[in-house]
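Counting the sequence shown from 1 gives a position; this note's numbering is that position plus 53.
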Amino acid sequence: MNVRLEALDWVIIGIYFVVLFAIAIWVIRRRKDNTEDYFLAGRNAGWFVVGASIFASNIGSEHVVGLAGTGAESGMPMAHFELHAWIVLLLGWVFLPFYVRSGVFTMPEFLEKRFNSTARWWLSIISLIGYVLTKVSVSVYAGGIVIEALTGLDFWTGALITVIITGLYTVLGGMRAVIYTETLQTIVLIVGSLLVTVLGLMKIGGWSELKSIAGSSHFNMWRPSDDPDFPWTGLVFGGSIVGIWYWCTDQYIVQRTLAAKNIKVGLQGSIFGAYLKLTPVFLFLVPGIIAYALNKTGQLQLESSDQALPTLMAALLPTGIRGVVAAGLLAALMSSLASVFNSCSTLFTVDIYKKLHPGVSEKKLVNIGRIATFVVVILGILWIPVMANISGVLYEYLQSVQAYIAPPVTATFLLGIFWKRINSKGALATLIGGFVLGMSRLIAELKKDSLTGILHDWATINFLHFCVLLFVICVIICITVSLLSAAPDAKKIEGLTYGTLSGNDKISNRNRYGLKEIFLSIGLIVIIIWILTYFTG
Numbered sequence: 054m055n056v057r058l059e060a061l062d063w064v065i066i067g068i069y070f071v072v073l074f075a076i077a078i079w080v081i082r083r084r085k086d087n088t089e090d091y092f093l094a095g096r097n098a099g100w101f102v103v104g105a106s107i108f109a110s111n112i113g114s115e116h117v118v119g120l121a122g123t124g125a126e127s128g129m130p131m132a133h134f135e136l137h138a139w140i141v142l143l144l145g146w147v148f149l150p151f152y153v154r155s156g157v158f159t160m161p162e163f164l165e166k167r168f169n170s171t172a173r174w175w176l177s178i179i180s181l182i183g184y185v186l187t188k189v190s191v192s193v194y195a196g197g198i199v200i201e202a203l204t205g206l207d208f209w210t211g212a213l214i215t216v217i218i219t220g221l222y223t224v225l226g227g228m229r230a231v232i233y234t235e236t237l238q239t240i241v242l243i244v245g246s247l248l249v250t251v252l253g254l255m256k257i258g259g260w261s262e263l264k265s266i267a268g269s270s271h272f273n274m275w276r277p278s279d280d281p282d283f284p285w286t287g288l289v290f291g292g293s294i295v296g297i298w299y300w301c302t303d304q305y306i307v308q309r310t311l312a313a314k315n316i317k318v319g320l321q322g323s324i325f326g327a328y329l330k331l332t333p334v335f336l337f338l339v340p341g342i343i344a345y346a347l348n349k350t351g352q353l354q355l356e357s358s359d360q361a362l363p364t365l366m367a368a369l370l371p372t373g374i375r376g377v378v379a380a381g382l383l384a385a386l387m388s389s390l391a392s393v394f395n396s397c398s399t400l401f402t403v404d405i406y407k408k409l410h411p412g413v414s415e416k417k418l419v420n421i422g423r424i425a426t427f428v429v430v431i432l433g434i435l436w437i438p439v440m441a442n443i444s445g446v447l448y449e450y451l452q453s454v455q456a457y458i459a460p461p462v463t464a465t466f467l468l469g470i471f472w473k474r475i476n477s478k479g480a481l482a483t484l485i486g487g488f489v490l491g492m493s494r495l496i497a498e499l500k501k502d503s504l505t506g507i508l509h510d511w512a513t514i515n516f517l518h519f520c521v522l523l524f525v526i527c528v529i530i531c532i533t534v535s536l537l538s539a540a541p542d543a544k545k546i547e548g549l550t551y552g553t554l555s556g557n558d559k560i561s562n563r564n565r566y567g568l569k570e571i572f573l574s575i576g577l578i579v580i581i582i583w584i585l586t587y588f589t590g
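Right under this line is the structure:
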């Protein structure tokens with residue numbers, strides 16, 4: 054379903070791009086050719102920019118296309134992933150002080166300080182593979198769908214245009230260009246998506262009418278534990294494992310908080326980002342349910358679930374408003390792509406290339422980061438045709454693959470920070486063993502129709518339950534191997550675990566927050582509990 058854009062719509066989209074590139078050019082002119090500026094924006098970002106960047110990085114085209122599609126097909130269960138705002142609080146309150154205190158650029162670099170250089174290598178490789186399988190391929194795929202729906206261009210032309218435009222300012226401006234353009238994109242995205250929700254509710258006859266037409270099943274976040282798609286046990290426990298990996302240990306998100314002026318600003322940015330994270334339930338899932346209800350009553354012709362949002366736009370939005378929403382979709386698309394481009398180049402340059410060539414100049418490292426971006430993008434594009442064999446709905450594909458990657462990383466970081474007895478051998482065994490098991494599941498799922506017996510069970514167990522199972526296995530591996538080998542050097546890991554914090558570290562932790570931060574964090578938890586209680590069918 055293509056969205057018909059009129060002249061006024063194109064004018065509004067043109068204004069959006071003019072402002073976007075004006076910001077990018079302003080940032081590029083202020084850049085410095087050193088790694089701290091290119092990869093961490095000079096560590097000088099304020100709380101609003103940090104929070105907006107966290108949100109814009111997360112809410113990409115896979116949400117615009119995939120989350121609305123999931124809302125149309127299955128309703129509210131996937132809202133559990135959007136309520137991971139409480140985990141964003143964990144990033145600011147629990148994890149960030151250790152990252153900032155260690156002075157690292159990347160999460161693999163933190164593992165090197167906590168464990169050893171081999172752990173750093175493994176996490177770098179795992180992260181880059183994960184970005185190709187999920188963030189790059191999904192963002193480019195969804196981008197092609199969005200461009201095709203907005204302009205009528207064929208899918209691959211739209212995908213390539215997306216990559217070229219976004220890559221241009223990301224490569225030239227680095228992290229500083231990414232986070233400042235994401236601030237604009239956050240505002241445009243929220244305004245545009247909110248318009249779709251409001252107009253959709255007006256069309257269907259209001260919230261009560263929507264609930265009546267869609268039915269209680271579409272408004273129920275809680276499915277039975279034996280539900281084949283979204284068991285509540287998997288959503289709560291498996292979803293939390295994926296959430297801690299994504300929000301607290303993944304370079305893609307954590308890099309935004311590392312760009313903050315100090316720990317307190319990073320905490321404030323995390324809290325702001327957590328509040329923004331609550332909005333997708335109403336900005337994307339609800340429009341998907343509206344599309345389902347309109348299709349059910351014959352007021353809309355929905356060709357496929359992933360076409361829910363473009364179809365709504367075509368049917369509901371007047372000229373001018375359609376341009377605002379289209380700009381919002383493009384903002385989501387470009388912000389997520391820009392973030393993953395910058396994170397990939399940071400990981401490859403700092404954790405791989407610089408380790409192999411320690412004496413290389415700062416300027417050359419920046420150039421290597423730019424080259425690395427293009428290589429990862431090409432690999433992501435090559436993976437797109439394989440995605441269709443894993444899940445029929447884009448957002449479910451994303452969550453399923455993340456469920457195979459997250460458990461070993463989550464186990465390693467949690468145990469590594471909270472228990473000083475965990476050593477490098479335990480960490481390595483967990484990262485390697487968990488990654489192999491996760492990838493075996495991914496391969497088995499691609500070939501599930503030809504498998505029988507225990508292999509078929511391994512390939513078809515619910516992906517969220519698999520995530521919980523793999524996490525338990527990883528925790529057992531990490532603890533067992535660590536206890537069977539020598540304890541780590543306490544002096545080497547001082548300040549990197551809760552058990553080795555000095556008195557000054559504890560005082561510093563207390564000084565980074567006040568009543569405002571505590572009050573806002575408690576308020577967020579209350580809102581999450583209300584949403585979980587309200588959407589019970």
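We treat Cβ as the ideally placed atom computed from N, Cα and C, and that holds for glycine.
From the DSSP output, in three-state form, read off residue i for me.
| i | result |
| --- | --- |
| Thr350 | coil |
| Ala98 | strand |
| Arg276 | strand |
| Ala464 | helix |
| Pro284 | strand |
| Thr533 | helix |
| Thr399 | helix |
| Ala313 | strand |
| Thr553 | helix |
| Thr589 | strand |
| Glu59 | coil |
| Ile297 | helix |
| His410 | coil |
Would you say residue i and residue j are within 7 Å of each other, going by their C-beta atoms?
| i | j | result |
| --- | --- | --- |
| Ala121 | Phe337 | yes |
| Ile39 | Thr187 | What the structure shows of the chain is the stretch from 54 to 590, and residue 39 is not part of that stretch, so it cannot be assessed. |
| Phe283 | Pro411 | no |
| Thr215 | Gly196 | yes |
| Ile140 | Trp300 | yes |
| Ser389 | Ser192 | yes |
| Asp100 | Val307 | The residue asked about is misnamed: residue 100 is Trp in this sequence, not Asp. No; because the gap between Cβ atoms is not below 7 Å, this pair is not in contact. |
| Cys527 | Ala456 | no |
| Ile530 | Gly486 | yes |
| Val592 | Gly322 | In the structure as shown, the chain starts at 54 and stops at 590, and residue 592 therefore has no counterpart that could be examined. |
| Leu517 | Gly287 | yes |
| Ala75 | Leu331 | no |
For residue i, is the classification buried or exposed, using 16 other Cβ atoms within 10 angstroms of its Cβ as the cut-off for buried?
| i | result |
| --- | --- |
| Arg276 | buried |
| Arg309 | buried |
| Asp62 | buried |
| Leu435 | exposed |
| Arg57 | exposed |
| Lys416 | exposed |
| Met160 | buried |
| Met274 | buried |
| Asp359 | buried |
| Ser392 | buried |
| Ala543 | exposed |
| Gln304 | buried |
| Ala212 | buried |
| Ile560 | exposed |
| Trp260 | exposed |
| Thr350 | exposed |
| Val489 | exposed |
| Glu59 | exposed |
| Gly119 | buried |
| Ser503 | exposed |
| Ile217 | exposed |
Restricting to Cα atoms, I'd like to know which of the options is closest to residue i.
| i | options | result |
| --- | --- | --- |
| Ser155 | Pro461, Ile243, Lys166 and Lys559 | Lys166 |
| Trp146 | Ala361, Ser398, Gly211 and Phe325 | Phe325 |
| Leu467 | Leu504, Ala480, Ile458 and Arg563 | Ala480 |
| Tyr194 | His116, Val378 and Cys520 | His116 |
| Ala77 | Leu254, Leu252, Tyr233 and Asn562 | Tyr233 |
| Ala425 | Ser414, Pro438 and Ser396 | Ser396 |
| Asp404 | Glu547, Thr171, Val430 and Lys569 | Thr171 |
| Leu362 | Ala125, Ser106, Ala60 and Tyr69 | Ala125 |
| Ala367 | Tyr406, Val249, Leu585 and Ser278 | Val249 |
Discussion item. Contact between the stretch 465-477 and the stretch 204-222 is defined here as three or more beta-carbon pairs at a separation below 8 Å; is this criterion met?
Written reply: no
Practice item. Take every Cβ of the stretch 375-388, pair it with every Cβ of the stretch 237-244, and state whether three or more of those distances are shorter than 8 Å. Key: yes
Count Cβ pairs between the stretch 493-500 and the stretch 187-201 that sit closer than 8 Å; are there 3 or more? By the criterion of at least three beta-carbon pairs nearer than 8 Å, the stretch 493-500 is not in contact with the stretch 187-201.
Is the stretch 351-365 touching the stretch 260-277 in the sense that three or more CB pairs, one from each, lie closer than 8 Å? no
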